[in-house]
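Numbering follows this note's numbering, in which position 275 of the sequence shown is assigned residue number 275; successive positions increment by one, without gaps.
Have a look at the structure below, then the notes.
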Amino acid sequence: MTIILHIGVHKTGTSALQAFLARNAALLLEHGVFYKPTAPEWPNHNPLAVAFMPGSTDHGPTRLAMTLAEAEGKTLLISSEMLCEPGVDLDLFLSCLEGHDVRIIAYIRHPSDIVISAFNEVVRHYDTHWTRPLNEQPFAYDPSQLDVLRRWLKVPNLTLAPYDRAQWVEGSLFRDFLTMIGVPDNGFDYSQVGGNESLPYALIEALRHVNIAHPSADQHRLLVELLRTIQSGPGEYPLTRENVRYCIDRMRDALPSYRPHFRPDFQEDFLFEQRHEPERGWFGLQRSAIATATGFLAKAAAFVLPALDAGLL
Numbered sequence: 001m002t003i004i005l006h007i008g009v010h011k012t013g014t015s016a017l018q019a020f021l022a023r024n025a026a027l028l029l030e031h032g033v034f035y036k037p038t039a040p041e042w043p044n045h046n047p048l049a050v051a052f053m054p055g056s057t058d059h060g061p062t063r064l065a066m067t068l069a070e071a072e073g074k075t076l077l078i079s080s081e082m083l084c085e086p087g088v089d090l091d092l093f094l095s096c097l098e099g100h101d102v103r104i105i106a107y108i109r110h111p112s113d114i115v116i117s118a119f120n121e122v123v124r125h126y127d128t129h130w131t132r133p134l135n136e137q138p139f140a141y142d143p144s145q146l147d148v149l150r151r152w153l154k155v156p157n158l159t160l161a162p163y164d165r166a167q168w169v170e171g172s173l174f175r176d177f178l179t180m181i182g183v184p185d186n187g188f189d190y191s192q193v194g195g196n197e198s199l200p201y202a203l204i205e206a207l208r209h210v211n212i213a214h215p216s217a218d219q220h221r222l223l224v225e226l227l228r229t230i231q232s233g234p235g236e237y238p239l240t241r242e243n244v245r246y247c248i249d250r251m252r253d254a255l256p257s258y259r260p261h262f263r264p265d266f267q268e269d270f271l272f273e274q275r276h277e278p279e280r281g282w283f284g285l286q287r288s289a290i291a292t293a294t295g296f297l298a299k300a301a302a303f304v305l306p307a308l309d310a311g312l313l
């Protein structure tokens, strides 16, 4: 049996891609690819990798054996962000796939862009209470992504693809992935729903300050929902010139490990494209971001008044 493992490197469109695969599972099956949406309320995550973590109440080898049996006669496609987690017993997981044709795919993103996107996510996550500024190290994610891919670089049949719209098939991540797994791209539902969408920097900076007051999980979720209703332009690039240079240097250091796994015609130059610090400097941008976002406070007063009273905003 052919088994395709998609390693969902964080902030490389994994949630949107998994939602796309879940929406189109029936059509994928017609093309001989078995992809199993695991829960109606959360169809874009696969619990298989979680079952191979310490303390799991699920037995990983048993769950994987059941999935292999369900996919008999088809190509099995597994996509999971948890395959990046160091707690996953990767040796045990791969040992359960011995005798099969295992192919592995992961996407690589521009090093400073992934830091900004990861910062956006941890600030938005209700359980993180992230308060450290974007430009303060250590960052929310390894710019080179080598931390999460190091173990996989030793595994045969790993293909690294560019998280770069200019190199995707017709500029679409979904079409690009279908091409990677050998499925024709006609007839699929390409609607952009189910992704982990970021907030503009001005709004995420305001939310970071609200996090100092430790809002409850419900309050935090409601605040994020409210912020999504506020219109805001993309704004300026929020990482400082020094931090962009640091991120690119980290990627250069990782490149010798990556190059043997690049897919054909991978154009690596996009990984080193410079990003520009705002004309007024980062601290000017930070102050502007907070000022731009304060309009939402009146609507969210029930949640942020404690922070205001404490002098945190």
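C-beta: ideal position from N, C-alpha, C; glycine also.
In this structure, the straight-line span from the alpha carbon of Ser-15 to that of Glu-242 is close to 30 Å.
Contact between Ile-108 and Tyr-163 holds: their C-beta atoms lie close to 6 Å from each other, under 8 Å. Residue state for Ser-80 is assigned as strand, using DSSP reduced to three classes. By the Cβ criterion, the stretch 70–90 is not in contact with the stretch 108–122, since fewer than three pairs of Cβ atoms, one from each stretch, lie closer than 8 Å.
Under DSSP, the beta-bridge partners assigned to Thr-2 are Asp-101. A straight line joining the alpha-carbon of Ala-206 with that of Gln-167 spans about 34 Å.
The DSSP-derived three-state label of Phe-119 is helix. Asp-176 and Pro-37 have their C-alpha atoms some 20 Å from each other.
Collapsing the DSSP output to three states places Ala-19 in a helix. C-alpha of Ser-144 to C-alpha of Ser-198: approximately 20 Å in a straight line.
DSSP places Val-224 within a helical segment (H, G or I) once states are collapsed to three. Going by beta carbons, Val-155 and Leu-97 fall outside the 8 Å limit. Taking C-beta separations shorter than 6 Å and ignoring five residues to either side along the sequence, Leu-149 has no partners in its chain. In the three-state reduction of the DSSP assignment, Pro-111 falls in the helix class, which pools H, G and I.
Taken through DSSP and simplified to helix, strand or coil, Val-183 comes out as coil. The DSSP-derived three-state label of Ile-204 is helix.
Ser-79 is classed as buried because its beta carbon has at least 16 other beta carbons within 10 Å across all chains shown. Distances from the alpha-carbon of Asp-127 to those of Leu-29, Asn-211, Gln-18 and Asn-24 put Asn-211 closest.
DSSP places Ile-248 in the helix class (H, G or I) of the three-state scheme. With a contact defined as Cβ atoms closer than 8 Å, Trp-152 and Ile-104 qualify at about 6 Å. Taken atom to atom, the span from the alpha-carbon of Val-169 to that of Pro-264 is near 13 Å. Only buried fits Val-9, as 16 or more other CB atoms lie within 10 angstroms of its CB. Distance from the CA atom of Thr-62 to the CA atom of Leu-158, rounded to whole angstroms, is 25 Å.
In this structure, the alpha-carbon of Ile-181 lies about 36 Å from that of Glu-236. Selection Leu-76, Gly-171 and Leu-223 evaluated against Leu-5 yields Leu-76 as nearest (Cα-Cα). Per the DSSP secondary-structure output, Phe-262 pairs in a beta bridge with Leu-160. Contact annotation: Ile-7 and Leu-64 have beta-carbon atoms that are not nearer than 8 Å. Assignment of Phe-93 by DSSP, reduced to helix, strand and coil, places it in the helix class. For Glu-30, the uninterrupted alpha helix (DSSP H) run begins and ends at 25–30, by DSSP. For Leu-146, the enclosing alpha helix (DSSP H) begins and ends at 146–149.
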